[in-house]
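A quick write-up on the structure given underneath.
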Amino acid sequence: MRSPSLNILSSVSPSPSISPSLPPLVEVTYYTDPLCSWSWAFELQWRRLRYEFGDRLVWRYAMGGLIPDWQRFSDPINDINRPAQMAPQWVQIRHLCGMPIEEKIWLEDPPTSSYPACIAVKAAEKQGLNLGEAYLRRLREAVMLERRNIARREELIALAEELVESGFNLQQFLDDLDSQDTLNAFREDIKDARYRGIGRFPALILRPMTGRAVLLVGYRPYQELRKALAHVSPQIHPVRSATDIISYASYWGRITAAEVAEALQLRIEAATEVLDNAVAEGMLTKGNQVYLHLSC
1119 MRSPSLNILS SVSPSPSISP SLPPLVEVTY YTDPLCSWSW AFELQWRRLR
1169 YEFGDRLVWR YAMGGLIPDW QRFSDPINDI NRPAQMAPQW VQIRHLCGMP
1219 IEEKIWLEDP PTSSYPACIA VKAAEKQGLN LGEAYLRRLR EAVMLERRNI
1269 ARREELIALA EELVESGFNL QQFLDDLDSQ DTLNAFREDI KDARYRGIGR
1319 FPALILRPMT GRAVLLVGYR PYQELRKALA HVSPQIHPVR SATDIISYAS
1369 YWGRITAAEV AEALQLRIEA ATEVLDNAVA EGMLTKGNQV YLHLSC
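Take any residue in the sequence shown, count from 1 to its spot, add 1118: that is its number in my numbering.
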């Protein structure tokens, strides 16, 4: 993986995700892709950042279109130009970051493109950024943990069906999935990423409400994110920190032990023990290495 870079930018216009109770200080545009394994690993830091800074951040996702197809994809840095070569990188990520990931999909049923999943995220976002994020999370879990081929339309629809109980309109999603507006939104994301020279993910643009933005490219330790926030907005400070495993799991609804360990600065084994005890006591459920709060 290339060493992360930091650039100063003059402008970016992300949309806020929520109506905050505290005035936001930094806008974040997160360039990613459902098939990006480093973005999956980055859930550790991204969720912790969002939790600790709360309404001081507003955010949106931009889909990067990592793999148009295997004829046009090449990653010379990691020596990847065919599906089977992706598997060793996923193994590396599991060992380096502790995030669970199942690499065998690249040997058994490799996705042919990330474009269908990216377009599906843009379709889901038409029902709100929070529902769009919930759908993106399920896409990541499906491919990274469950070895489900998210290049297939039937998988995209099946994952959308899971969100219906959360207020997701399945028929609207199906209509939006095939709409020209959704395709254009995805094309605009790709165009924006290329304009800013973003070719690797995850990538974040941090923009203060006044002043110049910073671009971070690549997987980052949490403290580097904190330093970047302080750089663009010296007055920003955390509004809370995670102190209770079950409360943090409840906040996100779906979570891995590695994410809990990052937020509370624990060993993964210790976080796993507490989470498993919560499952035994009926506070959480567990499936495919993901812990679910019962209200989820």
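Glycine residues also receive a C-beta, built at the ideal position from the N, C-alpha and C atoms.
Since this is a predicted model, take the numbers as computed values, not measurements.
Thinking just about the alpha-carbon of each residue, which of M1327, A1360 and D1394 is nearest to the one in G1172?
By 1-based counting over the sequence shown, the position of residue 1172 is 54. Nearest C-alpha to G1172: A1360.
By Cβ distance, which residues of its chain are closer than 8 angstroms to L1143, with the 5 residues on each side in sequence left out?
The residue you call residue 1143 lines up with position 25 of the sequence shown. If we look at L1143 and ignore the five residues flanking it on each side, its Cβ neighbours are R1174, L1175, P1326, M1327, S1351, Q1353 and I1354.
Going by C-alpha to C-alpha distance, which of Y1337, W1370 and L1277 sits closest to L1292?
Taking the sequence shown and counting its residues from 1, one reaches residue 1292 at position 174. Ranking the options by Cα distance to L1292, first place goes to L1277.
Give the straight-line distance between the Cα atoms of E1243 and Y1340, rounded to the nearest whole angstrom.
Looking up residue 1243 in the sequence shown gives position 125. Looking up residue 1340 in the sequence shown gives position 222. Roughly 27 angstroms between the two C-alpha positions.
Comparing alpha-carbon positions, which option in M1181, Y1148, L1184 and I1185 lies nearest L1167?
Taking the sequence shown and counting its residues from 1, one reaches residue 1167 at position 49. When only C-alpha atoms are compared, the closest one is Y1148.
Rounded to the nearest angstrom, how far is the Cβ of G1183 from that of S1232, given a contact under 8 angstroms?
Here residue 1183 corresponds to residue number 65 of the sequence shown, with the count starting at 1. Here residue 1232 corresponds to residue number 114 of the sequence shown, with the count starting at 1. Indeed they touch by this definition, with Cβ atoms about 7 angstroms apart.
Where do the ends of the beta strand (DSSP E) carrying P1186 lie?
Position 68 of the sequence shown, counted from the first residue, corresponds to residue 1186. Where P1186 is concerned, there is no enclosing beta strand (DSSP E), given that its DSSP letter is neither H nor E.
Exposed or buried, which one is R1329 when buried takes at least 16 other CB atoms within 10 Å?
Here residue 1329 refers to the residue found at position 211 of the sequence shown. According to the sequence shown, residue 1329 is Gly rather than Arg. Per the 10 Å Cβ criterion, exposed.
Please state the DSSP three-state secondary structure of E1170.
On the sequence shown, residue 1170 is found 52 positions in, with the first residue counted as 1. Residue state, collapsed to three classes: helix.
Take V1239 and list the residues in its own chain whose beta-carbon comes closer than 8 angstroms to its own, dropping the five residues that flank it on each side.
Indexing the sequence shown from 1 puts residue 1239 at position 121. Taken in chain order, the residues that qualify are P1152, Y1179, M1181, G1250, Y1253, L1254 and L1257.
Straight-line CA distance for C1154 to A1376?
Here residue 1154 refers to the residue found at position 36 of the sequence shown. Here residue 1376 refers to the residue found at position 258 of the sequence shown. A straight line joining the alpha-carbon of C1154 with that of A1376 spans about 18 angstroms.
Buried or exposed for Q1163, going by 16 or more other Cβ atoms inside 10 Å?
Counting from 1 along the sequence shown, the entry for residue 1163 is found at position 45. With 16 or more Cβ atoms within 10 Å of its Cβ, Q1163 is classed as buried.
Between the C-alpha atoms of R1265 and N1406, what's the straight-line distance to the nearest angstrom?
Counting from 1 along the sequence shown, the entry for residue 1265 is found at position 147. Counting from 1 along the sequence shown, the entry for residue 1406 is found at position 288. Straight-line Cα distance between these residues: approximately 10 angstroms.
So, is L1402 buried or exposed, given that buried needs 16 or more other C-beta atoms within 10 angstroms?
Numbered from 1 along the sequence shown, position 284 holds the residue referred to as residue 1402. Under this definition L1402 is a buried residue.
Is L1124 helix, strand or coil by DSSP?
Against the sequence shown, residue 1124 aligns to sequence position 6. Per-residue confidence for L1124 stands at a pLDDT of 38, beneath the threshold of 50, marking its modelled position as unreliable; the derived number appears in the next sentence. Strand.
Tell me whether H1349 sits in a helix, a strand or coil according to DSSP, three-state version.
Residue numbering aside, residue 1349 sits at position 231 when the sequence shown is read from its first letter. Correct three-state label for H1349: helix.
Does DSSP classify R1266 as helix, strand or coil?
For the purposes of this step, residue 1266 is taken as the residue at position 148 of the sequence shown. The answer is coil: DSSP assigns R1266 none of H, G, I, E or B.
Tell whether a beta-carbon distance below 8 angstroms holds between A1303 and L1274.
In the sequence shown, residue 1303 corresponds to position 185, counting from 1. In the sequence shown, residue 1274 corresponds to position 156, counting from 1. In this structure, L1274 does not lie closer than 8 angstroms to A1303 by Cβ.
At least one CB of chain D closer than 8 angstroms to the CB of W1177: is that the case?
Here chain D cannot be found, since the structure has a single protein chain.
Have a look at I1316, R1385 and A1367 and flag the residue whose alpha-carbon is nearest the alpha-carbon of V1397.
Position 279 of the sequence shown, counted from the first residue, corresponds to residue 1397. Comparing Cα positions, the closest option is A1367.
Excluding the five sequence neighbours on either side, which residues of its own chain have a C-beta within less than 8 angstroms of the C-beta of E1280, listed in chain order?
Stepping through the sequence shown from its first residue, residue 1280 is reached at position 162. Cβ neighbours of E1280 beyond the five flanking positions: R1256.
State buried or exposed for L1288, treating a residue as buried only when at least 16 other CB atoms are found within 10 Å of its CB.
Working through the sequence shown from its first residue, we reach residue 1288 at position 170. Counting Cβ neighbours within 10 Å, L1288 comes out exposed, since fewer than 16 surround it.
Who are the near neighbours of K1222 in its chain, counting only those whose CB is closer than 8 angstroms to its CB and skipping five residues on each side?
Here residue 1222 refers to the residue found at position 104 when the sequence shown is read from its first residue. Cβ neighbours of K1222 beyond the five flanking positions: A1205 and R1265.
In angstroms with no decimal places, state the Cα-to-Cα distance between G1216 and I1386.
Position 98 of the sequence shown, counted from the start, is the residue given in the question as residue 1216. Position 268 of the sequence shown, counted from the start, is the residue given in the question as residue 1386. Near 8 angstroms, if we compare the C-alpha coordinates of I1386 and G1216.
Going along the chain, which residues of its own chain have a beta-carbon closer than 7 angstroms to the beta-carbon of T1390, five neighbours each way excluded?
By 1-based counting over the sequence shown, the position of residue 1390 is 272. Cβ neighbours of T1390 beyond the five flanking positions: A1375.
Cβ-heavy atom distance between W1156 and the ligand ADP below 7 angstroms?
Summarising the ligand content, the structure contains no ligands, and the ligand ADP is consequently not present.
Output the distance between the C-alpha atoms of S1365 and G1371, rounded to the nearest integer angstrom.
Working through the sequence shown from its first residue, we reach residue 1365 at position 247. Working through the sequence shown from its first residue, we reach residue 1371 at position 253. Each residue's CA atom was taken as its position, placing S1365 and G1371 some 10 angstroms apart.
Give the straight-line distance between the Cα atoms of Q1207 and V1261, rounded to the nearest whole angstrom.
Reading the sequence shown from its first residue, position 89 is the one you call residue 1207. Reading the sequence shown from its first residue, position 143 is the one you call residue 1261. Between Q1207 and V1261, the C-alpha separation is close to 15 angstroms.
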